[in-house]
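Take a look at the structure set out below.
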Amino acid sequence: MSRNHLLELAAEVVKRAQAAGATDAECTIAEGEEFSANVRMRELENLKEAGSRGAGLRIMIGKKTGASSTSDLSAEGIAYLVKSAIELADVTNEDPHAGLPEPEELGKLPGDLRLSSADVPELDTELKIETARKAEAAALAVDPRISNSEGASFDTHTGRHIFANSRGFAGEYSTSYCSLSVVPVARENESMERDYWETLARGFGGLEPPDKVGRIAAERALRRLHPVKVETQKVPVVFEPRVARSLVGEIFDAVHGMSVYRQQSFLAGKLGEKVARESVTVIDDGTIPGLFGTSPFDDEGVPSRRTVVIERGVLKSYLLNCYAARKLGMKTTGNASRGLTGNAGIGHGNFYLEKGTVTPEQIIGGIRNGFFVTQVQGFGVNIVTGDYSQGASGLWIRDGELAFAVSEVTIAANLKDMLLGLEAVGSDLEFRGSVAAPTVKIGEMTVGGK
Amino acid sequence: MLFSESIFATRFHITRQDLEKYLAEALSHGGDYADLYFEYLLTSSISIDESIVKSAAQGVTMGVGVRVIAGERTGYAYSDDLSPEKIRKAAHVAAYIAKGPSQVEKFDLKERTHHNLYPVVHAPTETAFAERVDLVRRADHAARAYDPRIFQVQAVYADNLRHVMVATTEGVLSVDRQPLARLSVAALARENDGPPQRGHSGGGGRVELGFFQNENPPEHFATEAAREAIAMLAAVDAPAGEMTVVLGPGWPGILLHEAVGHGLEADFNRKKVSAFSDRIGQKVASELCTVIDDGTISSRRGSLNVDDEGHPTQRNVLIENGILRGYLQDKLSSTLMHSASTGSGRRESYEHVPMPRMTNTFMLAGQSEPADIIRSVPKGLYCVSFGGGQVDITSGNFVFSASESYLIEDGKVTRPVRNATLIGNGPEALKYVSMVGNDLKLDEGIGVCGKENQHVPVGVGIPTIRIDRMTVGGTA
Chain H
1 MSRNHLLELA
11 AEVVKRAQAA
21 GATDAECTIA
31 EGEEFSANVR
41 MRELENLKEA
51 GSRGAGLRIM
61 IGKKTGASST
71 SDLSAEGIAY
81 LVKSAIELAD
91 VTNEDPHAGL
101 PEPEELGKLP
111 GDLRLSSADV
121 PELDTELKIE
131 TARKAEAAAL
141 AVDPRISNSE
151 GASFDTHTGR
161 HIFANSRGFA
171 GEYSTSYCSL
181 SVVPVARENE
191 SMERDYWETL
201 ARGFGGLEPP
211 DKVGRIAAER
221 ALRRLHPVKV
231 ETQKVPVVFE
241 PRVARSLVGE
251 IFDAVHGMSV
261 YRQQSFLAGK
271 LGEKVARESV
281 TVIDDGTIPG
291 LFGTSPFDDE
301 GVPSRRTVVI
311 ERGVLKSYLL
321 NCYAARKLGM
331 KTTGNASRGL
341 TGNAGIGHGN
351 FYLEKGTVTP
361 EQIIGGIRNG
371 FFVTQVQGFG
381 VNIVTGDYSQ
391 GASGLWIRDG
401 ELAFAVSEVT
411 IAANLKDMLL
421 GLEAVGSDLE
431 FRGSVAAPTV
441 KIGEMTVGGK
Chain Z
1 MLFSESIFAT
11 RFHITRQDLE
21 KYLAEALSHG
31 GDYADLYFEY
41 LLTSSISIDE
51 SIVKSAAQGV
61 TMGVGVRVIA
71 GERTGYAYSD
81 DLSPEKIRKA
91 AHVAAYIAKG
101 PSQVEKFDLK
111 ERTHHNLYPV
121 VHAPTETAFA
131 ERVDLVRRAD
141 HAARAYDPRI
151 FQVQAVYADN
161 LRHVMVATTE
171 GVLSVDRQPL
181 ARLSVAALAR
191 ENDGPPQRGH
201 SGGGGRVELG
211 FFQNENPPEH
221 FATEAAREAI
231 AMLAAVDAPA
241 GEMTVVLGPG
251 WPGILLHEAV
261 GHGLEADFNR
271 KKVSAFSDRI
281 GQKVASELCT
291 VIDDGTISSR
301 RGSLNVDDEG
311 HPTQRNVLIE
321 NGILRGYLQD
331 KLSSTLMHSA
341 STGSGRRESY
351 EHVPMPRMTN
361 TFMLAGQSEP
371 ADIIRSVPKG
381 LYCVSFGGGQ
391 VDITSGNFVF
401 SASESYLIED
411 GKVTRPVRNA
421 TLIGNGPEAL
431 KYVSMVGNDL
441 KLDEGIGVCG
451 KENQHVPVGV
461 GIPTIRIDRM
471 TVGGTA
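Top to bottom, those sequences are chains H and Z.
Note that the numbering used here numbers the first sequence so that position 210 is 210, with each residue one more than the last.
Note that the numbering used here numbers the second sequence so that position 340 is 340, with each residue one more than the last.
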């Protein structure tokens, strides 16, 4: 099916839905191609290559909605799509807040957002396998204790996203990704540990070199060997960027408009209040060219934008789609997100903690006794209450130095206190995904151990 | 079910000759083995929020995955179009992995009979949506009626029917229809203007709508969610550090899934990256512990008639009286380890390569009275419900997060505590199991297991057990 054909098809589905009785309709079509090569212990292990696509329809009859999806874009499949959605509007209730964006809210960011790189579909299979092989070989060469590996992967994805609605919006954009990751295993006597490193870019040229990826992964696995379980105690805790990113992800969950209107977030009802240290500024920006959370429009056809969520410790904005905005008496922030089926949820653009001025070395150097966390484990975050309790491993800080490996411990506090106690924000912000954070220091958390 | 009656034969007009032709194409560059996995999936879901049925959705997904194995190498491709040209194209792409003449001898596809653990009476498409609406409405009503302090309720009912067909160059031809349904209820409670607390419950299995209309009504799950939210209103800070932990029966069996289950999946052991590698025959738990993975329990969420490689599921003993007995094997790992498949090859969908996975994982009942177990603990934590869990299979460290737990003081269950994560090490944790109750219970059917980005439904179960030493991640 040609490129234009899918955009026409989305508009056609909207028209067919209206002809079948819908007062409003929106259609999403997604198309993607994936490739993956895995190398393990220097040998090619897996190759995967395929493409797929699907369409989703959401319709309204007055204030009632129905939704359907299909991977069958034949005439028969499209007829099913329209019929199913119309049929379901019959069983849902009138919801006064449901509805599409107003026509003046619709639109797209202009210009080239550099979301797709032409080199990705053209990459030679042997080059992709060789890149993974090099990265793993670099990890295995670092130290004889790196004697095993879960392998290296080179993955690419190209996709197209198409959206049309009954209020005149029709748009599409293409994306591409390449990623390279390595998972070496370090072993010495009875101690065995693994870690990973990954590089992600819109195009092949943006990736970190395979040697570097392998070396960092190996060094990370090695420093985890012979971990100690420390005594239970309250200490300052430093999150390295990879872990700080998950903490920033918890902030996203707490400013998620759907959780806010249901009052199932500890940040609900706190707009304008001080919720964090002054060093904390959190931004959602879906407009930065080339980054992973960027898009010209959200999944309701509203242009992506930059929203200041927390400014110098004060909660400024939630992240909203049209529905959550209406529930809260606010305006959408262009954060609608959906798969092919159902009502729009909420997603983020590039969601990040603004960098500070201190280096990670300065942060660690100022701590006499503390915990530098390099991995968290589990699902122990309750956004309703803010209770935070996760498994953790990393390195113990003694007299300003990283002293020894620690694992099989927990870290716990309440997110409210963690944000207010966020004493230092590092200068080392990097966008390695759509959520990003520099190194951060929390004044005190309970480390659960022996 | 017979091939000739399957949707793939009747609606898509696929014949045995077609399947043999596609398999031959997959082996055109060589290889030791090839298989085809056809899937036709119907899904539906309905949800209520603020007492308004806000969303109803249904969908259909179909496709075929083609796999070629050559030694330790796997080639995989898929198509969401079941036309002969597209399937042959996928077979050709998957074939790229192999070099040299094929090792496969001539085969004839043979249908085998297998157990029928979950008869399909009505396809979801044959049931009216109005009946599903009734389930979520009743759940909403019951949760709110439980206590006036409940102020938010969300309920979701989702069901699907998956038609699958597997054909392999070992001559296996198997078709199956796999129903799966789940009702989930979440409730929020608040006292005066205090902070809210949440409760969650749900259940289901390889069942149809009727399951919830009769013996497992929505009111059961709704009152359970509301009860948990209300109970948590009185929660105090959880303790921190090593202590005695008592797990209640049922869903806390997630301990087994994380502590031992994943570490016993054969792919990790073949590569010797698991904390359990080369430990068969060794003691990894107290002699009170016997752990089973059983894919053959009627109607359970983790059960399958045949796994996603066409191999019948079975009952596998993982740990017997504390001794490690076996791994969970799929086709690739069992071949390379000169062992047999344990019917554990599973995949999320036709877009995914199968790998060894759990089905329903549980510990056999012991002799102790649950009340005696609690009475035996002077100071500890009693955990009755959990959120999720996770494991690092290489170090063996695992976590699972308690969503409802209580202090045990002087042998009595006293105050509820706030959410806390428990952490332990796989090959060590179960050595501290000192009492096992006589009350084995399987969970109600809500588990989803993720591995390498593939999600499959699973079940867990456990009797009440006492663990003498485990680290609890509270703040007090």
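Built from N, CA and C at the ideal position, the CB exists for glycine as well.
How many Å lie between residue i and residue j at the Cα?
i: P354(Z); j: W251(Z); result: 26 Å
i: G509(H); j: E408(H); result: The requested residue 509(H) does not occur in the structure, where chain H is confined to residues 1 to 450.
i: R312(H); j: D237(Z); result: 30 Å
i: I52(Z); j: P96(H); result: 10 Å
i: G272(H); j: L315(H); result: 5 Å
i: D124(H); j: L100(H); result: 43 Å
i: H29(Z); j: T74(Z); result: 13 Å
i: Q282(Z); j: G263(Z); result: 14 Å
i: G366(H); j: S427(H); result: 15 Å
i: S147(H); j: G449(H); result: 30 Å
i: G257(H); j: A164(H); result: 24 Å
i: A79(H); j: V13(H); result: 9 Å
i: K441(Z); j: N397(Z); result: 25 Å
i: V68(Z); j: K110(Z); result: 20 Å
i: G400(H); j: Q362(H); result: 9 Å
i: M1(H); j: Q103(Z); result: Per-residue confidence for M1(H) stands at a pLDDT of 46, beneath the threshold of 50, marking its modelled position as unreliable; no derived number is given.
i: A285(Z); j: E258(Z); result: 14 Å
From the DSSP output, in three-state form, read off residue i for me.
i: G448(H); result: strand
i: E486(Z); result: Since the first residue of chain Z shown is 1 and the last is 476, residue 486(Z) is not available in this structure.
i: A24(Z); result: helix
i: M41(H); result: coil
i: Q263(H); result: coil
i: F35(H); result: strand
i: P303(H); result: strand
i: D159(Z); result: strand
i: M192(H); result: strand
i: I251(H); result: helix
i: C289(Z); result: coil
i: D134(Z); result: helix
i: P236(H); result: strand
i: M337(Z); result: coil
i: K63(H); result: coil
Going by DSSP, which residues form a beta bridge with residue i?
i: W251(Z); result: In the DSSP output, where bridge partners are listed per residue, W251(Z) has none listed.
i: G30(Z); result: G30(Z) pairs with nothing; no bridge assigned.
i: C178(H); result: T156(H), A201(H)
i: N397(Z); result: N425(Z)
i: K271(Z); result: DSSP output for K271(Z) lists no bridge partner at all.
i: S201(Z); result: V185(Z)
i: N369(H); result: R398(H)
i: T28(H); result: G56(H), F163(H)
Report yes if the C-beta distance between residue i and residue j is below 7 Å; otherwise report no.
i: S303(Z); j: L42(Z); result: no
i: K441(H); j: V309(H); result: no
i: C289(Z); j: G322(Z); result: yes
i: P184(H); j: A135(H); result: no
i: A234(Z); j: G199(Z); result: no
i: G349(H); j: G293(H); result: yes
i: G63(Z); j: D35(Z); result: no
> What residues from the segment 210 to 243 of chain Z come within 8 Å of chain H, judged by C-beta to C-beta, listed N to C?
Replying inline: A238, A240, G241, E242
> What residues in the segment 178 to 191 of chain Z bring their beta carbon closer than 7 Å to a beta carbon of chain H?
Replying inline: L188
> Taking Cβ-Cβ distances below 8 Å as the criterion, which residues of the segment 271 to 284 of chain Z are in contact with chain H?
Replying inline: Answer in chain order: K271, K272, V273, A275.
> Which residues, in chain order, does the segment 437 to 448 of chain Z contribute to contact with chain H at a C-beta distance below 8 Å?
Replying inline: none
>> Closer than 7 Å between beta carbons: that is the criterion. Which residues of the segment 130 to 142 of chain Z meet it against chain H?
In response: A130, V133
> For the segment 333 to 367 of chain Z, which residues have a beta carbon sitting closer than 8 Å to at least one beta carbon of chain H?
Replying inline: From the segment 333 to 367 of chain Z, only E351, V353 have a Cβ closer than 8 Å to chain H.
>> By the 8 Å beta-carbon criterion, what residues does the segment 321 to 347 of chain H contribute toward chain Z?
In response: L340, T341, G342, N343
> For the segment 376 to 392 of chain H, which residues have a beta carbon sitting closer than 8 Å to at least one beta carbon of chain Z?
Replying inline: Q377, G378, F379, G380, N382, V384, T385, D387, S389, Q390, G391
> Quick one, which residues of the segment 163 to 196 of chain H are near chain Z if we go by CB-CB under 8 Å, in chain order?
Replying inline: V185, M192, E193, R194
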